[in-house]
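In our numbering, the protein residues as written are 621 to 947.
The block underneath contains the structure these notes are about, expressed in structure tokens.
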Amino acid sequence: MTVISYIDAVTLALREEMERDEKVFILGEDVGVRGGVFRATAGLIEDFGAERVLDTPLTESAIAGVAIGASTYGMRPVAEMQFADFIMPAFNQIVSEAAKMRYRSNNSWHCPLVIRAPYGGGVHGALYHSQSVESLFTGVPGLKIVTPATPYDVKGLLKSAIRDDDPVLFFEHKRCYRLIKGEVPAEDYTVPIGKAEVKREGTDVTVISYGLTLHFALKAAEELEQEGISVHVLDLRTLIPLDKEAILEAVAQTGKVLVIHEDNQTGGFGGEIAALIAEEAFFELDAPVRRLCGPDVPAMPYSPPLEKEFMLNPAKVKDAIRDLAEF
């Protein structure tokens, strides 16, 4: 297997799916000639032409609307929101149209589209280029929400998303793009949407996470092993549909659960996981379920010290795990 970066796994998945199925096309701001603001679509317009790699105007509602319309006519669009923060003008299209297409048409129509959305902080993007917006969509039935953390999962899950017959929001953490590298098979493979994965076995504390904070959890777990604390780490990989069975198994593994994500704590997806555990695994618990999340402030600050204060890191995760282990 070849070691590649998280963002190269995005490009590889797009290229392979465009080669496999001529109905797959890409649209978004600067995705063509420039190859995307993060270069995720670099080289694709040269290989597949401007009819399949479309530079669009600066209008996210139109990007989503065109993608939804094309998908109902049998195409498989992959729309890029340049930053997840920009998805707000397309919110109505995604929630009112894409999410409800199959239900409102009594299964006559479906909406096989992927919306890629780079999210998260730690890249000095400040207010409008650093938000985590996944929880805005997790309560909308009809959407699938994917949040990969590794290059292997990026390639396999993006290929699954493109082949899916329903709308998928594919959230890519920007800090992972060039920071995270890993082995990826050259051959075609998919990772099923809706399946979590145990990234590390442990017996004292269970950590449930996704995206960038999954790597903080793994780093913290490695260091805490020296202190005699064994940490079990579950990567959700997909928020909707949620792998409830994997979560309940992970809870039973240790009886102590810490949920970590970068999104705000209030209304964040960690609350849904905590509620699930309270309803279905209460008697497995040896301590209250705890959350370690981004602070409840309106946006990511531009000031580097304040951004550092906002962001989670392995040290903060270690402190939270150690505290829970001692409960």
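Glycine residues also receive a C-beta, built at the ideal position from the N, C-alpha and C atoms.
Identify every residue that forms a DSSP beta bridge with residue i.
{"i": "residue 793", "result": "739"}
{"i": "residue 884", "result": "914"}
{"i": "residue 854", "result": "818 and 828"}
{"i": "residue 647", "result": "674 and 699"}
{"i": "residue 802", "result": "624"}
{"i": "residue 964", "result": "The chain is shown from 621 up to 947; residue 964 falls before or after that span and cannot be answered."}
{"i": "residue 715", "result": "Looking at the DSSP assignment, residue 715 forms no beta bridge with any residue, so it has no partner."}
{"i": "residue 879", "result": "828 and 911"}
{"i": "residue 565", "result": "The displayed coordinates of the chain run from 621 to 947. Any statement about residue 565 would go beyond what the structure contains."}
Quick check on the DSSP output: the alpha helix (DSSP H) that includes residue i runs from which residue to which?
{"i": "residue 780", "result": "771 to 783"}
{"i": "residue 680", "result": "680 to 692"}
{"i": "residue 653", "result": "Per DSSP, residue 653 belongs to no alpha helix (DSSP H) and is neither H nor E."}
{"i": "residue 569", "result": "Nothing in the structure corresponds to residue 569, since the chain is present only between 621 and 947."}
{"i": "residue 874", "result": "864 to 874"}
{"i": "residue 890", "result": "889 to 900"}
{"i": "residue 908", "result": "Residue 908 -> no alpha helix (DSSP H), and no H or E assigned at all."}
{"i": "residue 723", "result": "721 to 724"}
{"i": "residue 930", "result": "924 to 930"}
{"i": "residue 664", "result": "664 to 668"}
So, for residue i: in the same chain, excluding its five sequence neighbours on each side, which residues have a beta-carbon less than 8 angstroms away from its beta-carbon?
{"i": "residue 806", "result": "621 and 622"}
{"i": "residue 632", "result": "624, 775 and 804"}
{"i": "residue 892", "result": "758 and 862"}
{"i": "residue 744", "result": "922, 924 and 927"}
For residue i, I'd like the list of residues in its chain whose CB is within less than 6 angstroms of its CB, leaving aside the five on either flank, ordered along the chain.
{"i": "residue 714", "result": "684"}
{"i": "residue 736", "result": "700 and 790"}
{"i": "residue 829", "result": "837 and 880"}
{"i": "residue 925", "result": "none"}
{"i": "residue 667", "result": "none"}
{"i": "residue 722", "result": "730"}
{"i": "residue 662", "result": "655"}
Assuming residue i and residue j form a contact by the criterion Cβ under 8 angstroms, report the distance between their Cβ atoms to the nearest whole angstrom.
{"i": "residue 896", "j": "residue 864", "result": "6 angstroms"}
{"i": "residue 786", "j": "residue 801", "result": "Not a contact, Cβ separation roughly 31 angstroms."}
{"i": "residue 651", "j": "residue 673", "result": "6 angstroms"}
{"i": "residue 755", "j": "residue 889", "result": "5 angstroms"}
{"i": "residue 832", "j": "residue 882", "result": "6 angstroms"}
{"i": "residue 876", "j": "residue 855", "result": "18 angstroms between Cβ atoms; not a contact."}
{"i": "residue 625", "j": "residue 798", "result": "5 angstroms"}
{"i": "residue 643", "j": "residue 695", "result": "5 angstroms"}
{"i": "residue 901", "j": "residue 871", "result": "5 angstroms"}
{"i": "residue 660", "j": "residue 921", "result": "That pair is no contact at about 26 angstroms."}
What do you get for residue i, buried or exposed, if any count of 16 or more other CB atoms within 10 angstroms of its CB means buried?
{"i": "residue 579", "result": "Outside the modelled stretch of the chain, which goes from 621 to 947, sits residue 579, for which no answer is possible."}
{"i": "residue 923", "result": "exposed"}
{"i": "residue 640", "result": "exposed"}
{"i": "residue 873", "result": "buried"}
{"i": "residue 706", "result": "buried"}
{"i": "residue 768", "result": "buried"}
{"i": "residue 653", "result": "exposed"}
{"i": "residue 847", "result": "exposed"}
{"i": "residue 842", "result": "exposed"}
{"i": "residue 911", "result": "buried"}
{"i": "residue 918", "result": "exposed"}
Excluding five sequence neighbours on each side, which residues of the same chain lie with their C-beta closer than 7 angstroms to the C-beta of residue i?
{"i": "residue 688", "result": "713, 717, 718, 731 and 733"}
{"i": "residue 941", "result": "825, 827, 840, 844, 849, 851 and 878"}
{"i": "residue 780", "result": "810, 811, 812 and 813"}
{"i": "residue 686", "result": "647"}
{"i": "residue 738", "result": "658, 703, 704, 792 and 794"}
{"i": "residue 931", "result": "741 and 742"}
{"i": "residue 637", "result": "644, 779 and 782"}
At what residues does the beta strand (DSSP E) containing residue i begin and finish?
{"i": "residue 625", "result": "622 to 625"}
{"i": "residue 766", "result": "764 to 766"}
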